[in-house]
Amino acid sequence: MSYQVLARKYRPQSFEQLVGQEHVVQALANALTQGRLHHAYLFTGTRGVGKTTVSRILAKSLNCVGPDGTGGITAQPCGVCNACRDIDSGRFVDYVELDAASNRGVEEISQLLDQAVYKPVVGRFKVYMIDEVHMLSNTAFNAMLKTLEEPPDYLKFVLATTDPQKVPVTVLSRCLQFNLRPMAAADVQMHLGNVLGAESVPAEPGALRLLSRAARGSMRDALSLTDQAIAFGAGSLSEAGVRQMLGSVDRGHVVAIVDALSAASGEAVVVQADALRGAGLSAAGTLEDLATLFQQMALAQAAPAALDDADPETAEIKRLATQLPADEIQLMYSMALHGRAELHLAPDEYAGLLMVLLRMLAFRPAGTQPKPVKAAALVRPQAVAKAVVAVPLPKMAPPVPAPAPVAAAVVAAPVAQPVAPPVAAAKPPAPAPRAAEPAASSFSERLRPRPVEHAATEEDADFGDGPPPDDAPPPWMDADDAPAPTAAAREPEAPRRAVLRETPEGAQWAERIAALNLPGMTGELARQAQALAQRTEDGREVWTLRVERESLRQPALVAKLEAALDARLDIQAGVAEDSIALRTVARAEAQQRAAEDLAAQHPMTRTLLSQFPSARILPGSVQPLTPSP
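Residues in the sequence shown are numbered consecutively from 1, following the UniProt record's numbering.
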């Protein structure tokens, strides 16, 4: 006798044997028990979740007569009567399965419907099962609409599809729809264990775990992969053999990558990427396993009880979850998913993988110091950095250059043990200097402008023998959290776009143009021009203008302005320092500064800034009042 594959040998024969579809089983079983039978059913779901199996069990339930031949419609078919055995073997004349992928025309559907007028030959009901029904043509759908809506009492339609979006709504409205869900990996693993136990095939739990994950929710795929793994392992399933068969990445590589990312070690990340290339492992599979690990790490942080303690990888997942904050895990998870979709755009998939890993590394908090990573096996020289006192400046302040005599240079290499900053014995209490900026604990803190560190001189490190100044922060508050004393320290003034040097000629030119209503580019030339001189020649007014833009110095445009002014224009090239446009900008900036100063000096604003050290006035949020006409 020829070998029968596991997917066919262990196909469920009753609703009780169906795995992972309890919501469908409960609805159908109750309907069969109570006799509330619909004339058309539609089963949707991905491949290998049991659509055809449910259809056959439903057909057996409708036509089962029991072992004694006197049974009726039941939710528990006996499996031994002629109807049950014939349906299982595909010989039941009143159960017809039609593959719509190869019989999608109106002729095939019309031929099937022509047989619907005849009553069942041996069974209680005729059951027409149309698989992949979304492949039918529009004319075929239209041909079956009337029969599908009002079939004879003895006829039941069972439709199955993997893409219900392509089924016309007129068909959907005539069917009772059930969505078969992809099966959980734990359910697939448990079922594989039962099947292999019945087959007396030894299997390691790690091998079953890999097969259940590779099936992606499809029980048929899981059983097919199990058949392949049994042949690959010569009758036994080992984790190493299944991993080699699937070409999946060893979990140790993925864990080493996460260790390198948490340690902010670029060299370790490159070493791990080179190791994957040397082993010939899939870059896409690496990112997939990396995303799975990040998902489990996030689950370990949010709900540790949801992890399976019996899984040997749980302890490793919990250890990794303590090394990264939750927001960084979410960010790296998103990068892994998007990076997998971008691999085909890279010139080389391993180069694309390395860039995704370096992208994750680039979004680590600024100031995170690299740490030694065991998995990377890197020999790094030990270097001792001299202590440098870092004096953080107020937030949003412009960078302050370091004083000329630099105290010491900071070595970028990691140190085995950080050197504590020296503490003077005879100094009064003052804010404790920090040797380096600590790593941000969350991704949102990384988005804040970071203080500029520079080597401090002796005058910066202490306040002398007297008491600290009035604006010094208290000892329990960090310097970068202290409120700024003035508005200028909170927000640097934006640089002016141009320098306005008002001249008498500019005022005369502004009055002259104000009397005219110049449209379009002619008005733009008048507003952008700087009046250098004004004179009269032969009884005609002559203006000497300086215009920067070459497009405004076109002869045709100058001629239009001369006609509007009834004057002659002498145009020179150069940057204008006094023009109508510059005067307009200067007035607007003056009004804006006045409004911001007024808001900053308001008693309520000063009270809020003093009560909330991190509060500040958002740039551009203060708008000057426009005088009403």
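Don't be surprised by glycine CBs; every beta carbon is placed ideally from N, CA and C.
Report the three-state DSSP secondary structure of residue i (helix, strand or coil).
i: Pro403; result: For Pro403, the pLDDT reaches just 41, beneath the cut-off of 50, and the residue's location in the model is therefore unreliable, although a value from the coordinates is still provided. Residue state, collapsed to three classes: coil.
i: Ala256; result: helix
i: Ala264; result: coil
i: Arg497; result: Confidence at Arg497 is low in this model, with a pLDDT of 49, below 50, so the placement of that residue should be treated as unreliable; the coordinate-derived value is given next. Residue state, collapsed to three classes: coil.
i: Leu331; result: helix
i: Glu502; result: coil
i: Thr457; result: Confidence in Thr457 is poor, its pLDDT being 43 and thus under 50, which makes the residue's placement unreliable; the coordinate value appears in the next sentence. Of the three classes helix, strand and coil, the one that applies to Thr457 here is coil, per DSSP.
i: Ala306; result: helix
i: Pro5; result: The identity of residue 5 in the sequence shown is Val, whereas the question assumes Pro. Note: Val5 maps to coil in three-state DSSP.
i: Leu447; result: Since pLDDT at Leu447 reaches only 42, below the 50 mark, its modelled position is unreliable, and the value read off the structure follows with that caveat. Coil, per DSSP.
i: Gln19; result: The amino acid occupying residue 19 in the given sequence is Val; Gln does not appear at that position. Residue state, collapsed to three classes: coil.
i: Asn30; result: helix
i: Tyr350; result: helix
i: Gln13; result: coil
i: His602; result: coil
i: Arg549; result: coil
i: residue 634; result: Outside the shown range of the chain, which is 1 to 629, sits residue 634, and nothing can be said about it.
i: Gln554; result: coil
i: Leu299; result: helix
i: Ala409; result: For Ala409, the pLDDT reaches just 34, beneath the cut-off of 50, and the residue's location in the model is therefore unreliable, although a value from the coordinates is still provided. Three-state result, Ala409: coil.
i: Glu313; result: coil
i: Ser610; result: helix
i: Asp250; result: coil
i: Phe363; result: coil
i: residue 698; result: Nothing about residue 698 can be reported from this structure: the residues present for the chain run from 1 to 629 only.
i: Gly35; result: coil
i: Gly520; result: helix
Determine, using beta carbons only, whether residue i and residue j come nearer to each other than 8 Å.
i: Leu545; j: Leu532; result: yes
i: Glu562; j: Arg553; result: no
i: Val121; j: Val93; result: yes
i: residue 654; j: Tyr333; result: This structure gives no information on residue 654, because the portion of the chain shown stretches from 1 to 629.
i: Thr286; j: Val254; result: yes
i: Ala234; j: Val188; result: no
i: Ala29; j: Leu37; result: no
i: Asp578; j: Gly506; result: yes
i: Glu132; j: Thr170; result: no
i: His39; j: Pro151; result: yes
i: Leu345; j: Leu261; result: no
i: Phe157; j: Tyr128; result: yes
i: Ala326; j: Gln295; result: no
i: Arg359; j: Glu313; result: no
i: Leu357; j: Val269; result: yes
i: Leu42; j: Leu159; result: yes
i: Ala595; j: Pro624; result: yes
i: Leu136; j: Arg174; result: no
Could you please give me the residues that DSSP links to residue i through a beta bridge?
i: Ile617; result: In DSSP, Ile617 forms no bridge with anything.
i: Thr322; result: Paired residues: none, contrary to the question.
i: Trp543; result: Gln534 and Leu569
Tell me whether residue i, by its Cβ, gets closer than 7 Å to a heavy atom of the ligand PLP.
i: Gly574; result: Absence of the ligand PLP from the depicted structure is noted, as is the absence of any ligand whatsoever, leaving it without description.
Beta strand (DSSP E) runs wholly inside the UniProt domain "AAA+ ATPase" (37-196), at least 3 long, in chain order: 40-44, 95-99, 126-131, 155-161 and 176-179
The stretch 65-75 touching the stretch 42-54, judged by at least three CB pairs closer than 8 Å: no
Any 3 or more C-beta pairs closer than 8 Å across the stretch 302-321 and the stretch 352-365: no
At least three beta-carbon pairs within less than 8 Å, the stretch 194-211 to the stretch 240-249: yes
Cβ pair count under 8 Å reaching 3, the stretch 72-91 against the stretch 166-186: no
The stretch 132-147 contacting the stretch 102-111, beta-carbon criterion three pairs below 8 Å: yes
The stretch 523-540 in contact with the stretch 572-588 per 3-pair CB rule at 8 Å: yes
Those runs of the beta strand (DSSP E) which lie wholly inside the stretch 197-241 and span at least 3 residues: none
Stretch pair the stretch 10-25 + the stretch 33-51: three plus CB contacts closer than 8 Å: yes
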